[in-house]
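Chains as they are written, first to last, in my numbering: chain Y, 48 to 369; chain W, 88 to 646.
All C-beta atoms in this analysis are idealised placements derived from N, C-alpha and C, irrespective of residue type, glycine included.
Structure first, commentary second.
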Ligand SMILES: [Cu+2]
């Protein structure tokens with residue numbers, strides 16, 4: 048069971064399901080290295096055990112003299128491992144080149160990582176926190192971070208790439224299996240690093256669940272939902288909930304519960320009212336007015352958030368009054 | 088024979104050993120005696136190991152259940168950071184060289200002390216000073232950056248980064264002092280007749296390690312200073328928000344920290360080379376190959392740092408070069424394993440406790456080394472990087488390798504250090520329990536990581552990860568029991584262990600010609616130089632309860 052090769056669709060002793068084109072190649076190389084390792088491990092441990100038993104110390108018996116050096120043997124045991132690792136290096140390298148060379152014309156999704164959520168932006172400008180991709184299509188992630196280093200890791204795709212602030216990195220894959228898979232942040236990023244988890248949904252080519260359909264429906268939720276419901280969805284999608292709770296507990300940022308209309312004290316003294324303009328400014332220029340008692344850690348959403356979304360958010364925040 | 092024996096006894100009676108030759112805490116803290124400094128280091132690093140171990144235990148207990156048990160995300164982040172930082176900077180890097188090396192190295196050379204005894208003491212004081220900074224860190228809000236201090240996280244983290252970086256900086260100097268001392272001592276104080284290739288392999292290992300300590304540690308120092316500078320002034324060296332480059336930090340950091348892995352493993356290999364040879368009464372097979380491979384590993388080790396960064400966004404070409412160089416280090420390591428194996432062939436193998444550790448080392452280091460192949464291979468590393476597979480791999484190397492070799496060395500030289508034998512049975516059982524516990528704790532992490540469990544997570548969702556985590560926690564507790572057992576057995580020997588003979592194991596290196604424990608000046612007369620791996624004229628002498636040379640050389644070694 049331990050050494051059976053991975054089959055698409057189900058996990059094995061070693062791996063989760065293979066859900067992208069390159070996954071099988073990675074697994075095959077892994078198993079090659081595994082077989083070589085197991086072989087040498089067993090070989091060496093068997094010889095070692097035989098020696099330890101066969102040549103165990105006996106009172107008054109001196110060990111036979113045996114050579115302390117043997118050129119042929121030493122060359123053999125240097126050359127064989129060298130040949131094996133050359134093969135490992137080469138296969139790993141070509142696999143890596145493929146992984147790291149995105150095809151031209153791939154479907155592009157923008158990825159913004161921030162403490163501690165993911166944002167995926169589709170070509171039509173729509174954003175989500177869960178990654179949605181079509182099956183069988185070469186898909187490229189163009190990634191950047193708002194704050195510290197994160198890492199985009201989808202075990203089922205065998206793909207991992209760090210996401211850095213101040214520059215773009217890329218990852219690409221061709222999903223092969225419709226389903227929902229884990230997406231982790233793999234580079235330590237602080238308090239809620241282990242909660243910086245989301246899902247990848249691989250959609251079928253056609254049918255009601257197809258990627259096209261999903262994207263169309265999901266994109267215009269603001270026109271479909273009431274402003275309050277739409278605002279709630281924006282709150283979830285944009286990751287405001289990572290720092291602002293709805294139940295009165297304060298986290299990295301203040302809770303939104305009952306905040307609307309109240310007077311807030313800023314870090315440098317003056318007071319402001321929690322109203323439409325204050326909310327808008329907080330979202331677009333969070334550092335302009337910093338609330339007393341909090342660190343200025345809120346990222347700006349300038350250029351990422353649409354006016355309709357802010358309007359919906361405002362409606363949602365109003366609805367939280369008591 | 089019997090006359091020389093009584094003469095030795097008379098001499099020992101006339102001259103007290105290094106432990107009892109002077110009294111009072113000043114005679115220890117201000118001592119220039121390499122043996123006392125070694126013993127103080129031993130106590131200090133053991134205490135650090137205990138502390139780091141407590142952090143590890145807390146981590147594993149938290150992970151027994153998927154959700155929150157007794158610490159939250161921030162608490163967990165502190166625990167794994169402090170576990171890593173304490174174990175790496177306070178225990179494993181100084182571990183073998185500063186504690187065992189300090190004690191043994193001059194004795195192996197038949198010398199009275201290291202070349203610069205004052206610098207040696209300064210190294211210990213620097214270690215203490217650095218450790219105090221870590222105590223500050225604990226007292227002032229802890230540290231949550233991971234022992235790797237990656238930027239920009241470490242630039243903006245609210246914890247005691249500056250204290251910790253200063254502590255590590257100072258510890259770096261302690262390590263450099265030890266390195267310089269060993270290099271000069273080995274160059275200048277070898278006795279007449281001990282050419283480079285008649286040196287015990289332990290000395291080759293120490294020498295190779297010292298080179299890395301001296302050449303690589305300054306880079307860590309500079310990097311940490313730059314980090315402190317960045318935090319204080321916001322100069323924009325590593326922080327992209329001020330125009331800096333966070334990847335630059337990773338290059339700097341691993342330029343030291345990868346060679347540091349060899350600071351940890353080369354001394355371990357050096358000890359194992361001694362043990363395998365002594366306990367099979369066979370000259371070490373392929374002496375020159377082992378000696379050269381130590382130096383080869385030390386030098387190549389400088390050129391592989393980029394293999395920590397295959398997913399960081401460094402160029403494909405850099406990835407290829409670092410992968411190829413990484414594989415090239417695997418060859419000298421493999422050769423060493425084959426050499427140890429060949430040494431056992433037709434030997435007279437005793438399974439005394441130090442040898443058990445040497446065999447455990449070979450088992451564990453093999454797993455650690457072979458799993459390194461998965462990580463040197465570019466395409467598989469992309470999947471395995473930053474998962475539990477890595478955690479398992481480096482614990483097999485650093486704990487399975489370095490810690491087990493350290494314990495092997497400790498059990499081997501313990502009679503020399505303290506003049507007492509420990510319970511053979513008790514120590515063998517403790518070794519076995521630790522070995523089993525270690526494997527139960529860390530082996531499950533290989534499949535766990537390959538399945539996709541990222542490291543540094545205090546929290547996990549997947550149903551099927553639970554059993555692996557629980558197994559690992561059980562193993563950790565078992566390992567803890569084994570380690571505690573070792574401490575009990577060794578401490579008990581100090582109280583009521585049998586008196587150790589000068590040469591309990593029949594080893595041919597020079598430290599065994601000194602009394603157990605040695606006198607303050609180590610030897611009454613400079614002992615004659617022998618082939619360090621020729622056991623032919625060493626015979627068990629029931630009168631002494633240990634081994635003695637049958638040839639005339641003994642006469643020159645005593646009065
Ligand atoms: Cu992250």
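DSSP-derived helix/strand/coil call for residue i
i	result
residue 147/W	helix
residue 356/Y	helix
residue 627/W	strand
residue 48/Y	Residue placement at residue 48/Y is flagged as unreliable, the pLDDT there being 28, under the threshold of 50; a coordinate-derived value is accordingly withheld.
residue 513/W	helix
residue 228/Y	strand
residue 172/Y	coil
residue 222/Y	strand
residue 578/W	helix
residue 633/W	strand
residue 234/W	coil
residue 99/W	Only weak support is given to the placement of residue 99/W: the predicted model assigns it a pLDDT of 47, under 50, and the question is left unresolved by the model.
residue 611/W	coil
residue 324/W	coil
residue 88/W	Low confidence applies to residue 88/W: its pLDDT is 37, below 50, so where it sits in the model is not reliable enough to give any reading.
residue 606/W	strand
residue 505/W	helix
residue 361/W	helix
residue 63/Y	coil
residue 189/Y	strand
residue 396/W	coil
residue 410/W	helix
residue 341/W	helix
residue 596/W	coil
residue 292/Y	coil
Run of the beta strand (DSSP E) containing residue i, from where it starts to where it stops
i	result
residue 178/Y	178-181
residue 250/Y	245-250
residue 163/W	Run containing residue 163/W: none in the beta strand (DSSP E); it sits in the alpha helix (DSSP H), 160-172.
residue 435/W	First-last for residue 435/W: undefined, no H or E at that position.
residue 154/Y	154-161
residue 238/Y	Residue 238/Y -> no beta strand (DSSP E), and no H or E assigned at all.
residue 197/Y	197-201
residue 113/W	Careful: residue 113/W lies outside any beta strand (DSSP E), inside the alpha helix (DSSP H) at 112-116.
residue 275/Y	Here residue 275/Y belongs to no beta strand (DSSP E); instead the alpha helix (DSSP H) covers 274-284.
First and last residue of the uninterrupted alpha helix (DSSP H) at residue i
i	result
residue 467/W	465-471
residue 392/W	Note, residue 392/W: premise wrong, no alpha helix (DSSP H); not H, not E.
residue 84/Y	70-101
residue 119/Y	118-147
Mind listing, in chain order, the continuous alpha helix (DSSP H) runs of no fewer than 4 residues lying wholly within the segment 255-317 of chain W?
none
Entirely within the segment 296-355 of chain Y and at least 4 residues each: give me those alpha helix (DSSP H) ranges in chain order.
323-331
Chain W contacts made by the segment 203-228 of chain Y, where a contact means CB separation under 8 angstroms:
203, 205, 206, 207, 208, 209, 211, 212, 213, 214, 216
For the structure I just gave you, are there three or more beta carbon pairs, one from the segment 466-480 of chain W and one from the segment 522-536 of chain W, closer than 8 angstroms?
yes
Contact list for the segment 232-244 of chain Y against chain W, Cβ threshold 8 angstroms:
232, 233, 234, 235, 236, 237, 238, 239, 240, 241, 242, 244
At least 3 beta-carbon pairs within less than 8 angstroms: the segment 513-526 of chain W vs the segment 387-395 of chain W
no
Give the residues from the segment 308-333 of chain W that approach chain Y closer than 9 angstroms (Cβ to any Cβ), ordered along the chain.
326, 327, 328, 330, 331, 332, 333
Taking 8 angstroms as the cut-off, does the segment 98-105 of chain Y touch the segment 429-439 of chain W (at least 3 CB pairs, one atom from each stretch)?
yes
If contact is defined by three or more beta carbon pairs under 8 angstroms, each pair taking one atom from either stretch, is the segment 163-182 of chain W in contact with the segment 248-264 of chain W?
yes
For the segment 330-362 of chain Y, enumerate the residues whose C-beta is nearer than 9 angstroms to any C-beta of chain W, in chain order.
342, 344
Can you pull out the residues from the segment 402-414 of chain W whose beta carbon lies closer than 7 angstroms to at least one beta carbon of chain Y?
403, 406, 407, 410, 411, 414
Along the segment 117-140 of chain Y, what residues have a CB closer than 9 angstroms to any CB found in chain W?
117, 120, 121, 124, 125, 128, 129, 131, 132, 133, 135, 136, 138, 139, 140
With three or more C-beta pairs closer than 8 angstroms as the rule, is the segment 455-465 of chain W touching the segment 73-88 of chain Y?
yes
Give, in chain order, every unbroken run of the alpha helix (DSSP H) that is at least 4 residues long and sits entirely within the segment 186-255 of chain W.
189-195, 204-226, 240-243
Please identify, using Cβ separations under 9 angstroms, the residues of the segment 557-582 of chain W that lie next to chain Y, in order along the chain.
none
At a Cβ cut of 8 angstroms, what residues of the segment 445-470 of chain W count as close to chain Y, listed as they run along the chain?
446, 449, 450, 453, 454, 457, 458, 460, 461, 463, 464, 465, 466, 467, 468, 469, 470
So if I threshold CB-CB distances at 7 angstroms, which residues from the segment 511-540 of chain W count as touching chain Y?
534, 537, 538, 539
Contact set between the segment 376-387 of chain W and chain Y, restricted to residues whose Cβ is under 7 angstroms from the partner:
376
Pair every Cβ in the segment 187-202 of chain W with every Cβ in the segment 488-500 of chain W, then say whether three or more of these pairs are closer than 8 angstroms.
yes
Touching by the beta-carbon criterion (3+ pairs, under 8 angstroms), the segment 114-130 of chain Y and the segment 247-256 of chain Y
no
Check whether the segment 613-624 of chain W touches the segment 275-292 of chain W, counting contact only when three or more Cβ pairs, one atom from each stretch, lie closer than 8 angstroms.
yes
Which residues, in order along the segment 269-292 of chain W, keep a beta-carbon less than 8 angstroms from a beta-carbon of chain Y?
none
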